[in-house]
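Student: Structure incoming, see below.
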Amino acid sequence: MEKVILIRFGEIFLKGRNKGYFEKCLIDNIKAAIKDVDCRFVKMQGRFAVDSFDPDLTEELVERIRKVFGLHSLSVATVVPTDLEAIGKVCAEMAPDHGTFRVTVNRADQSVTMSSIEIARELGGDVLEAHPDLKVDLHHADKEIFVDLRENHTAYVFMDKIPCVGGMPVGCSGKGMALLSGGIDSPVAVYRMAKRGMKMCAVHFHSFPYTSLAAKQKVLDLAEILTAYCGDIKVYVVPFTEVQQAIHENCPAEYMITIMRRIMMRIAERLAMREGCGSLVTGESLAQVASQTQESILVTNKVIERLPVFRPLIGMDKEEIIDTAREIGTFKTSILPYEDCCTVFLPRNPVIRPDLQLIEQAESALNVEGLIKGAIEGVEIVNIKR
Ligand code: ATP
Ligand code: MG
0 MEKVILIRFG EIFLKGRNKG YFEKCLIDNI KAAIKDVDCR FVKMQGRFAV DSFDPDLTEE
60 LVERIRKVFG LHSLSVATVV PTDLEAIGKV CAEMAPDHGT FRVTVNRADQ SVTMSSIEIA
120 RELGGDVLEA HPDLKVDLHH ADKEIFVDLR ENHTAYVFMD KIPCVGGMPV GCSGKGMALL
180 SGGIDSPVAV YRMAKRGMKM CAVHFHSFPY TSLAAKQKVL DLAEILTAYC GDIKVYVVPF
240 TEVQQAIHEN CPAEYMITIM RRIMMRIAER LAMREGCGSL VTGESLAQVA SQTQESILVT
300 NKVIERLPVF RPLIGMDKEE IIDTAREIGT FKTSILPYED CCTVFLPRNP VIRPDLQLIE
360 QAESALNVEG LIKGAIEGVE IVNIKR
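If you want it as structure tokens, here you go:
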């Protein structure tokens, strides 16, 4: 029997004057998520559907669609012509053998003369006949069978509402440039901002040969995992060894991390402007490490002139961040033991509350502009496709 995936969206953003824009964004994203699967996307009154697919691909389609931001839930329904006997059969096949259940009917088809309650009672009877151990419970049923009678004399019968990830359609809140390391936090930060409708680009700093090619590949792998939610991600891979060497040779060791982060931010801002991004995004969380104190963040922020910096994890515990990383599938890759550029030339005692004046003074020993230009010249762009 034919299957259809019914897709419900979070209504909130589909109201008001931008409805058309949001809806187009959402539809484009769903289509992009399933573009290599042979199927048909249908826009219906108040929801969407996908049909005409090989039933063996149902699970794959469900997994892909439920990760599209902006959707509320979906259901895999069996399509039946509106004929009570046929619908009753399908309900009976779907029903569990024991426990409690109810049938809920929604009748959009006005040519059906019985009321939805009468229909539900009759279908419930069919189910009970096939499963004598089942019991009806209208208020706290273990399983609910939904029957949707549509205008075109077609009925959809389904049981579960599979929750989607919610959020806003990616692209409807503009574009952001994330500083993506190979750690646990920044991939979660990317996910969080994409969930608010931001199209994400990423910049990664690597210190070849101090850090391996495997460390860089790990970041690209993380980006690829994120594409299931974010769509395609353009990753700017920036050679950072020269910058780090210059800091190491010319600045006090305890300022290494602070100065390094200030230069990272400047480079990220320039790439973001070039890419048309409206913000920078990092995976910082307050007090997690020395560079994530209020003072450090102030000193790092000072170099950013044109964009806001979003830190979606700032108030989250590591445990909470890890939970999300597991949920979205980045955790296992994040904990692979490759070195990060931040661990190269790592000082024993990084300054925890840096003083802006002292940092600026130390930084004046560097040709900051030259270092930034050199790094940007060496940028490699990798387009990660879903
Ligand atoms: P993460 O788990 O995201 O690596 P972290 O807890 O290790 O974070 P830091 O190393 O201090 O913390 O980095 C803070 C943030 O700076 C990261 O979340 C990321 O946004 C950015 N960052 C750090 N290293 C890099 C890098 N090599 N390339 C790009 N961004 C980086
Ligand atoms: Mg890190």
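With numbering that gives the first Met the number 0, the residue at position 290 of the sequence shown is 289, and numbering never jumps.
We treat Cβ as the ideally placed atom computed from N, Cα and C, and that holds for glycine.
Which residues mark the beginning and the end of the beta strand (DSSP E) in which Ser-115 is found?
Tutor: On the sequence shown, residue 115 is found 116 positions in, with the first residue counted as 1. Run containing Ser-115: none in the beta strand (DSSP E); it sits in the alpha helix (DSSP H), 115 to 129.
Student: Going by DSSP, what residue range makes up the alpha helix (DSSP H) through Cys-171?
Tutor: Start at 1 with the first residue of the sequence shown, and residue 171 comes out as number 172. No alpha helix (DSSP H) contains Cys-171, which DSSP labels as neither H nor E.
Student: What distance in whole Å lies between the Cβ atoms of Val-102 and Cys-90, which are believed to be in contact at a cut-off of 8 Å?
Tutor: Along the sequence shown, read from residue 1 onward, the residue named residue 90 stands at position 91. Along the sequence shown, read from residue 1 onward, the residue named residue 102 stands at position 103. Contact holds; Cβ gap of about 6 Å.
Student: Exposed or buried, Glu-319, counting other C-beta atoms within 10 Å across all chains shown (16 or more means buried)?
Tutor: As a first step, residue 319 must be located in the sequence shown, where it is residue number 320. Exposed is the call here.
Student: Mind checking which residues open and close the alpha helix (DSSP H) that includes Val-367?
Tutor: Position 368 of the sequence shown, counted from the first residue, corresponds to residue 367. 367 to 376 is the span of the alpha helix (DSSP H), which, as asked, contains Val-367.
Student: Going residue by residue through the segment 282 to 340, where are the continuous alpha helix (DSSP H) segments of at least 4 residues, counting only ones entirely within it?
Tutor: 293 to 300, 317 to 327, 330 to 333
Student: Using a 10 Å radius around the Cβ and a threshold of 16 neighbouring Cβ atoms, would you call Thr-299 buried or exposed?
Tutor: Counting from one through the sequence shown, the residue named residue 299 turns up at place 300. Buried, since its Cβ has 16 or more Cβ neighbours within 10 Å.
Student: Can you give the Cα-Cα distance for Val-202 and Glu-274, rounded to whole angstroms?
Tutor: Here residue 202 is taken as the residue at index 203 of the sequence shown, counted from 1. Here residue 274 is taken as the residue at index 275 of the sequence shown, counted from 1. When rounded, the distance between both Cα atoms is 11 Å.
Student: DSSP on Tyr-254, reduced to helix/strand/coil?
Tutor: Counting from one through the sequence shown, the residue named residue 254 turns up at place 255. Three-state result, Tyr-254: helix.
Student: Would you identify the three-state DSSP class for Glu-379, choosing helix, strand or coil?
Tutor: Within the sequence shown, residue 379 is the residue found at index 380, counting from 1. DSSP places Glu-379 in strand when its eight states are reduced to three.
Student: From this set, Gln-243, Arg-310, Ser-284, Gly-328, which residue's C-alpha is nearest Gly-373's C-alpha?
Tutor: Taking the sequence shown and counting its residues from 1, the one referred to as residue 373 is at position 374. Of the candidates Gln-243, Arg-310, Ser-284, Gly-328, the one whose C-alpha sits nearest the C-alpha of Gly-373 is Gln-243.
Student: Nearest by alpha-carbon distance to Arg-65: which of Leu-335, Ser-110, Asn-249, Ala-227 is it?
Tutor: One-based indexing of the sequence shown puts residue 65 at position 66. It is Ala-227 whose Cα lies nearest to the Cα of Arg-65.
Student: Could you compute how far the alpha carbon of Pro-131 sits from the alpha carbon of Phe-47?
Tutor: Taking the sequence shown and counting its residues from 1, the one referred to as residue 131 is at position 132. Taking the sequence shown and counting its residues from 1, the one referred to as residue 47 is at position 48. Looking at the two C-alpha atoms, the distance is approximately 36 Å.
Student: Please determine whether the Cβ atom of Asp-339 lies at a distance below 7 Å from any heavy atom of the ligand MG.
Tutor: Counting from 1 along the sequence shown, the entry for residue 339 is found at position 340. Asp-339 Cβ: within cutoff of the ligand MG.
Student: Straight-line CA distance for Thr-99 to Asp-136?
Tutor: Your numbering for residue 99 matches position 100 in the sequence shown. Your numbering for residue 136 matches position 137 in the sequence shown. Roughly 6 Å between the two C-alpha positions.
Student: Would you call Leu-355 buried or exposed, if buried means 16 or more other Cβ atoms sit within 10 Å of its Cβ?
Tutor: By 1-based counting over the sequence shown, the position of residue 355 is 356. Looking at its Cβ environment, which holds fewer than 16 other Cβ atoms inside 10 Å, Leu-355 is exposed.
Student: Just to confirm before moving on: does the CB-CB distance between Ile-371 and Arg-305 stay below 8 Å?
Tutor: Translated into positions along the sequence shown, residue 371 becomes position 372. Translated into positions along the sequence shown, residue 305 becomes position 306. Going by C-beta atoms, Ile-371 is not nearer than 8 Å to Arg-305.
Student: With hydrogens ignored, establish whether the beta-carbon of Ser-180 is closer than 7 Å to any heavy atom of the ligand MG.
Tutor: Here the question's residue 180 lines up with position 181 in the sequence shown. Checking the Cβ of Ser-180 against the ligand MG gives yes.
Student: When the Cα atoms are used, what is the spatial distance from Lys-392 to His-71?
Tutor: With the chain covering 0 to 385 only, the question about residue 392 has no answer from this structure.
Student: Buried or exposed for Pro-186, please, with buried defined as at least 16 other CB atoms from any protein chain shown within 10 angstroms of its CB.
Tutor: As a position in the sequence shown, residue 186 is number 187, starting the count at 1. The residue is buried, with at least 16 neighbouring Cβ atoms inside 10 Å.
Student: Would the C-beta of Thr-281 count as close to the ligand ATP, meaning under 7 Å from any of its heavy atoms?
Tutor: Within the sequence shown, the letter at position 282 stands for residue 281. Yes.
Student: From Glu-121, Ser-211, Leu-221, pick the residue whose C-alpha is nearest to that of Phe-83; which is it?
Tutor: By 1-based counting over the sequence shown, the position of residue 83 is 84. Checking the sequence, you will find Leu at residue 83 rather than Phe. Comparing Cα positions, the closest option is Glu-121.
Student: DSSP has Ile-386 in a bridge; who is on the other side?
Tutor: The requested residue 386 is not part of the displayed model; the chain covers only 0 to 385.
Student: Quick one: give me the first and last residue of the beta strand (DSSP E) that Asn-399 is part of.
Tutor: Only positions 0 to 385 of the chain appear in this structure, which leaves residue 399 out of reach.
Student: Which one of Ser-51, Ser-110, Gly-87 has the shortest CA to CA distance from Phe-157?
Tutor: Counting from one through the sequence shown, the residue named residue 157 turns up at place 158. Considering only alpha carbons, the answer is Gly-87.
Student: Can you tell which of Tyr-190, Ile-224, Lys-198, Gly-182 has its C-alpha closest to the C-alpha of His-205?
Tutor: Numbered from its first residue, the sequence shown carries residue 205 at position 206. Looking at the Cα atoms, Gly-182 is the closest of the given residues.
Student: What is the rounded straight-line gap between the Cα of Glu-92 and the Cα of Leu-56?
Tutor: One-based indexing of the sequence shown puts residue 92 at position 93. One-based indexing of the sequence shown puts residue 56 at position 57. If you take the alpha carbons of Glu-92 and Leu-56, they lie about 21 Å apart.
Student: When burial is assigned at 16 or more other CB atoms within 10 Å of the CB, is Thr-210 buried or exposed?
Tutor: Within the sequence shown, residue 210 is the residue found at index 211, counting from 1. With 16 or more other Cβ atoms within 10 Å, it is buried.
Student: How big is the Cα-Cα spacing for Glu-338 and Arg-265?
Tutor: As a position in the sequence shown, residue 338 is number 339, starting the count at 1. As a position in the sequence shown, residue 265 is number 266, starting the count at 1. Approximately 23 Å, taken between the alpha carbons.
Student: Return yes when the C-beta of Ala-374 is under 7 Å from any heavy atom of the ligand ATP, and no when it is not.
Tutor: The residue you call residue 374 lines up with position 375 of the sequence shown. It does not: the Cβ of Ala-374 is nowhere closer than 7 Å to a heavy atom of the ligand ATP.
Student: Can you tell me which of Leu-179, Asp-184, Arg-195 puts its alpha carbon nearest to the alpha carbon of Val-164?
Tutor: Here residue 164 corresponds to residue number 165 of the sequence shown, with the count starting at 1. For Val-164, the nearest C-alpha among the options comes from Arg-195.
Student: Could you compute how far the alpha carbon of Cys-24 sits from the alpha carbon of Val-67?
Tutor: Position 25 of the sequence shown, counting from 1, holds the residue named residue 24. Position 68 of the sequence shown, counting from 1, holds the residue named residue 67. Distance between the alpha carbons of Cys-24 and Val-67 is about 11 Å.
Student: DSSP three-state call for Val-61: helix, strand or coil?
Tutor: For this step, residue 61 is matched to residue 62 along the sequence shown. Of the three classes helix, strand and coil, the one that applies to Val-61 here is helix, per DSSP.
Student: In angstroms, rounded to a whole number, what distance separates the CA positions of Ala-267 and Ile-232?
Tutor: Position 268 of the sequence shown holds residue 267. Position 233 of the sequence shown holds residue 232. Cα to Cα, the separation comes out at about 15 Å.
Student: In the structure shown, what three-state DSSP assignment does His-247 receive?
Tutor: Counting from 1 along the sequence shown, the entry for residue 247 is found at position 248. Helix, per DSSP.
Student: Looking at C-beta atoms only, is the number of pairs between the segment 241 to 261 and the segment 340 to 356 that lie closer than 8 Å three or more?
Tutor: yes
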